[in-house]
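Shown next, in structure tokens, is the structure this report addresses.
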Amino acid sequence: MNELQKEALEEMKTAIHKWFDEQENRKDAEEVVLRTTLQVGIFNFVMLDYRPGRTRVDSSKSVGSAAGKKSMKASPFTREQILHEVQPLLVEIVRERLDKLETSPLINYRFTFQGTFATMDGLVELTVLETVYEEKKRQLLERIQSYIEEKLEKGSYPTNRRETFFLARHLLDPHLFAEPEAAKTIALFDRIQELNKEQVEALAEHRRDIIRALTGWAENVFLPRYYDVTRSEYSTNEYVIKPDAVFEEKDEPSQPIDLLLYGAVMIIRYEPDFNKNMGQTFLELAKQLGSGKAARMLKDGSDSFSQEDIHLRHELVECKANDVFSLFTIVIRKEEAGAYERAISFILSLLRKDFPKSYNIKLKSSVKEYLPIKGLAKSDTHRFFANALAYSELHPLLEEYAREAMEEYEWYEDTDSERSVMPGSYAVFGLGLSSERYFPLVEAYMDLVDDEHQLVHDKFTAVFAETYGITERSTPTLIACLLRSHDSLKLKIQPELEGEDKLSLFVQQIETLSDDEAERVLYPIWGKAEKLAALARKAEGSRKELIIRLQKAAGDSLMVGR
């Protein structure tokens, strides 16, 4: 090696020793792995990123851990020199450090040291060293079996999320289990969900960890057997089937592709709306391989529901449901309350059985009703509920549906982003405008609505204010709506608040709010604080006092002299 190359090697060596020194000086390594029996080491991966003058070692799996920074000077190595001269020297350095850590909690049962190297021929990526510690592996496999038996098979209590995080990844780790037992793995994932079903937030976290493990296995282990994968950090991966890909779907009750299909359904049923496409992609890829089961799921939905659940045939109406595409297909054969009652009950029954809440309706009906609210998407889903709302006898059932359907971060899927609405919205809006008895429903809806990603409830609020005005019954509900409003909303209720009785009623409600809440409620009515201040200066007597109370409710910064 020449002097420049020796200098470059020394730079790499320094970065490697620095990383190992930092880890060996940690005081919490043993404490970390003692949190669960399912972790035998902290690190299983390290990346050396050699860029002359900017070399570093990192345990992050991001490509190029120097975050794309250019080298400070040209590399003195060719690609061939990295492969044949540098790599063997790095193996010696890393192996020497690892040998001292074989039983340390710092290193996992399997450890990979990868490198990205700047060369005269461009970047070279390679695995420098990969090693397996058989004793640690044996211990981990024993612990996994023990955990399954004690906590899942015999256990009857909720489990720890950290343990699900590790167990899900271990069960799908090809270095621990060469080929996962699909039926057993699926049964264990179902058991985790069963044990944690009473704790809604915790259950969602367990599911998230299971889905992440299944997704990682699908993208990094299973699909690359059959597809050339072009990975993207910012969009979906691209899959091109290999010319020599051979897939045989067997009649056996359990095979690896069942895990792919299980993961697809988990994603579709439980992931946020923006992630559901990945589940459909997995099904499409399985179908492309020749999976008849995947083809049936794409056509009729997953196997999560019985045929009776997903297909209703009646002289008044026919309903079909496909959870893979989150779609209800409804054909109204006779326009009467009974047809809509059966259709609503059909939807409600499936939602209670965990049908995806971000769905849409494909409707065949001769009636085209829409809610009297400008700005809503004129979609089939909107039309279905508007048609149903015409039958007052169905209103209690529609409320029941709405309370089941409403869920933050879920959306009807047949609108653009500007007019997106939470499931249940059309029923809530229609019922809220039909009778005061549904004011509590409107308030419950506003408590849930994601006002960062939804605008159209402002349109409802304007019509609600116009319909009911300021009354003892309506004011708390109107304020609940205004608390979710946006700056673009303008309410024309100032004339009604000229009367001191109504202004007094309004002030009493505002005074129960925090400063920020009061300011948010007042803005759609009076706009900027200066307008309210001007009103206070012009007003007299008790009206002046009421307006000043409004200012005070919104914070001292809005106060003006009497």
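Each residue of the sequence shown is one higher than the one before, counting from 654 in my numbering.
We put the CB at the ideal spot given by N, CA and C, even for glycine.
These numbers were taken from a predicted model, which means no experiment stands behind them.
Should residue i and residue j be called a contact, given that it needs their Cβ atoms to be closer than 9 Å?
i        : j        : result
Leu-805  : Ile-845  : yes
Ala-1041 : Tyr-993  : yes
Asp-911  : Ile-864  : no
Ser-1073 : Val-1109 : yes
Ser-1138 : Glu-1063 : no
Ile-1163 : Ala-1192 : no
Ser-819  : Thr-689  : For the sequence presented, residue 819 should be read as Phe rather than Ser. Yes. Within cutoff.
Asp-1103 : Met-1075 : yes
Met-654  : Glu-738  : yes
Asp-976  : Arg-922  : yes
Val-984  : Ser-1018 : yes
Pro-811  : Glu-851  : yes
Arg-709  : Ala-661  : no
Leu-1156 : Ala-1118 : no
Leu-914  : Lys-952  : no
His-670  : Arg-763  : no
Leu-1175 : Leu-1185 : yes
Glu-1089 : Leu-1136 : no
Ser-979  : Phe-1008 : yes
Thr-1068 : Ala-1030 : yes
Leu-1047 : Ala-990  : yes
Lys-1112 : Ile-1026 : yes
Along the chain, where does the alpha helix (DSSP H) that runs through residue i open and close?
i        : result
Gly-991  : 990-1004
Ile-1014 : Counting along the chain, Ile-1014 falls outside any alpha helix (DSSP H), though it belongs to the beta strand (DSSP E) covering 1013-1017.
Asp-674  : 656-677
Asp-1168 : 1168-1179
His-823  : 814-824
Ala-1189 : 1182-1191
Ile-735  : No alpha helix (DSSP H) contains Ile-735, which DSSP labels as neither H nor E.
Tyr-1121 : 1110-1121
Lys-680  : Careful: Lys-680 lies outside any alpha helix (DSSP H) and carries neither H nor E.
Ser-1127 : 1127-1135
Ser-1194 : Here residue 1194 turns out to be Gly, not Ser, going by the sequence shown. Taken as a continuous stretch (DSSP letters only), the alpha helix (DSSP H) holding Gly-1194 covers 1194-1206.
Gly-943  : It is not in any alpha helix (DSSP H) - Gly-943 carries neither H nor E in the DSSP assignment.
Phe-958  : No alpha helix (DSSP H) contains Phe-958, which DSSP labels as neither H nor E.
Val-1160 : 1153-1163
Met-1104 : Note that residue 1104 corresponds to Asp in the displayed sequence, not to Met. No alpha helix (DSSP H) holds Asp-1104; DSSP gives it neither H nor E.
Thr-838  : 835-848
Identify, in the order they occur along the chain, each residue of the same chain with its Cβ nearer than 6 Å to the Cβ of residue i, setting aside the five sequence neighbours on each side.
i        : result
Ile-1201 : Ala-1189
Arg-884  : Asn-890
Arg-1215 : With a pLDDT of only 26 at Arg-1215, under the threshold of 50, the placement of this residue in the model should not be trusted; the figure read from the coordinates follows. Excluding residues within five positions, none has a Cβ falling inside 6 Å.
Phe-770  : Tyr-703, Ile-735 and Val-777
His-964  : Lys-973
Arg-822  : Ala-866
Glu-872  : none
Ala-898  : Tyr-879
Would you kindly report the start and end of the unbroken beta strand (DSSP E) that includes residue i?
i       : result
Asp-702 : 696-703
Ala-771 : 760-772
Arg-966 : 964-966
So who's on the other strand from residue i, going by DSSP bridges?
i        : result
Asn-975  : Leu-980
Val-777  : Phe-770
Ile-985  : Val-970
Asp-711  : Met-700
Val-1216 : Here the chain comprises residues numbered 654 to 1215, so residue 1216 is not present and cannot be evaluated.
With a CB to CB cut of under 8 Å and the five nearest residues on each side skipped, what residues in its chain are close to residue i?
i        : result
Gln-941  : Ile-894
Ala-682  : Gln-676, Ile-695, Ser-757, Pro-758 and Leu-759
Pro-1129 : Phe-1092, Glu-1096 and Gln-1162
Asp-1100 : Ala-1133
Glu-1053 : Leu-1001
Arg-1056 : Gly-1077, Leu-1094 and Ala-1097
Gly-721  : Confidence in Gly-721 is poor, its pLDDT being 49 and thus under 50, which makes the residue's placement too unreliable to answer from.
Leu-936  : Leu-914, Ala-917, Ala-947, Met-950, Leu-951 and Val-977
Who are the near neighbours of residue i in its chain, counting only those whose CB is closer than 7 Å to its CB and skipping five residues on each side?
i        : result
Thr-780  : Thr-765 and Gln-767
His-859  : Arg-814, Thr-817, Ile-845, Gln-846 and Asn-849
Ser-1195 : Glu-1153
Phe-673  : Arg-750
Ala-719  : With a pLDDT of 43 at Ala-719, under the threshold of 50, the modelled position of this residue cannot be trusted; read the value that follows with caution. If we look at Ala-719 and ignore the five residues flanking it on each side, its Cβ neighbours are Asp-702, Arg-704, Arg-707 and Arg-709.
Val-744  : Val-781 and Leu-782
Ile-1178 : Leu-1144, Ile-1146 and Gln-1147
Leu-691  : Arg-796, Ile-797, Tyr-800, Glu-816, Phe-819, Leu-820 and His-823
For residue i and chain D, any beta-carbon pair shorter than 9 Å?
i       : result
Asp-681 : Absent from the structure: chain D. Only one protein chain is present.
>> Suppose only complete runs of 3+ residues qualify. What are the beta strand (DSSP E) ranges in the stretch 864-929, listed by chain order?
In response: 880-883 and 891-894
> What are the start and end residues of each continuous alpha helix (DSSP H) run of 4 or more residues lying completely inside the stretch 1029-1092, in chain order?
Replying inline: Counting whole runs of 4 or more residues, the stretch 1029-1092 contains the alpha helix (DSSP H) stretches 1033-1042, 1048-1058 and 1078-1087.
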